[in-house]
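To start, the structure under review is shown below, and the notes come after it.
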Amino acid sequence: DQQVKQNSPSLSVQEGRISILNCDYTNSMFDYFLWYKKYPAEGPTFLISISSIKDKNEDGRFTVFLNKSAKHLSLHIVPSQPGDSAVYFCAASWTSGGSYIPTFGRGTSLIVHP
Amino acid sequence: KAGVTQTPRYLIKTRGQQVTLSCSPISGHRSVSWYQQTPGQGLQFLFEYFSETQRNKGNFPGRFSGRQFSNSRSEMNVSTLELGDSALYLCASREGTVTGELFFGEGSRLTVL
Numbered sequence: 032d033q034q035v036k037q038n039s040p041s042l043s044v045q046e047g048r049i050s051i052l053n054c055d056y057t058n059s060m061f062d063y064f065l066w067y068k069k070y071p072a073e074g075p076t077f078l079i080s081i082s083s084i085k086d087k088n089e090d091g092r093f094t095v096f097l098n099k100s101a102k103h104l105s106l107h108i109v110p111s112q113p114g115d116s117a118v119y120f121c122a123a124s125w126t127s128g129g130s131y132i133p134t135f136g137r138g139t140s141l142i143v144h145p
Numbered sequence: 207k208a209g210v211t212q213t214p215r216y217l218i219k220t221r222g223q224q225v226t227l228s229c230s231p232i233s234g235h236r237s238v239s240w241y242q243q244t245p246g247q248g249l250q251f252l253f254e255y256f257s258e259t260q261r262n263k264g265n266f267p268g269r270f271s272g273r274q275f276s277n278s279r280s281e282m283n284v285s286t287l288e289l290g291d292s293a294l295y296l297c298a299s300r301e302g303t304v305t306g307e308l309f310f311g312e313g314s315r316l317t318v319l
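Order-wise, the sequence lines are chains A and B.
Just so you know, we're using our numbering here: the first sequence kicks off at 32 and counts up by one.
Just so you know, we're using our numbering here: the second sequence kicks off at 207 and counts up by one.
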């Protein structure tokens, strides 16, 4: 039973355009959401996060939007660059034993064409 | 500051064998988590250690175990290896107990033949 779903395994975008990566979750206990980026042969690296008390968080070209009523979040990358080509993982977490344990989606492979 | 270091990076085992993977967290990080990544399955949580105690455990069989030492270094062990255990095993560390940001190592790629 997937609690965090990334329904698009891949996404192809032209350089300079917007990339929108989507993520849905089912567990209403989740209160902290993160996006990680992963290049081949490397570990995932943290990209951006958002708390459930907010509906938007922005960091440079990256913006995450959270719609709690729809249990949906999205990552917008504007403008997209070829170096953004990677696998993007959405993750959601809640307080469990005093520690947030992120539950990850299966990832979306983003390809940005020059 | 050095990042999270995992050893070995690659290894090949046969069914029935056991394997031990090692992880050195970022200096000062007391929490270490382990994840398994397989094609199409994303990152699945194995367990988390904090101050030498297993604080959380994922839904994996008892063949998967781990421990953490007083210097925060961690090891995970998989016994009686199965073909389905072939995966990238990722270790992640973080500073405190509440932050959600994990710092990952490059992973140990295990192939079971």
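Backbone N, C-alpha and C define an ideal beta-carbon position, used for all residues, glycine too.
> Can you list, in chain order, the residues of its chain whose CB lies under 6 Å from that of Lys-219/B, leaving out five sequence neighbours each side?
Replying inline: Val-225, Leu-287 and Val-318
> Which residues mark the beginning and the end of the beta strand (DSSP E) in which Leu-249/B is found?
Replying inline: 248 to 256
>> What does the alpha-carbon distance come out to for the pair Gln-242/B and Gly-74/A?
In response: 12 Å
>> Runs of 3 residues minimum, wholly inside the region 64 to 102 of chain A: which ones carry the beta strand (DSSP E) assignment?
In response: 76 to 82, 87 to 90 and 93 to 98
> Out of Gln-212/B, Glu-301/B and Phe-253/B, which has the shortest C-alpha to C-alpha gap to Phe-266/B?
Replying inline: Phe-253/B
> Quick one: is Leu-217/B near chain A, going by C-beta distance under 8 Å?
Replying inline: no
> Does the region 278 to 285 of chain B come close enough to the region 46 to 56 of chain A to have 3 or more Cβ pairs within less than 8 Å?
Replying inline: no
> Is the shortest distance between the beta-carbon of Gln-274/B and the beta-carbons of chain A less than 8 Å?
Replying inline: no
> For Met-60/A, which residues does DSSP report across the bridge?
Replying inline: DSSP output for Met-60/A lists no bridge partner at all.
>> In this structure, how does DSSP classify Asp-55/A when only helix, strand and coil are distinguished?
In response: strand
> Since Thr-134/A meets chain B, which of its residues come closer than 8 Å, beta carbon to beta carbon?
Replying inline: Phe-251
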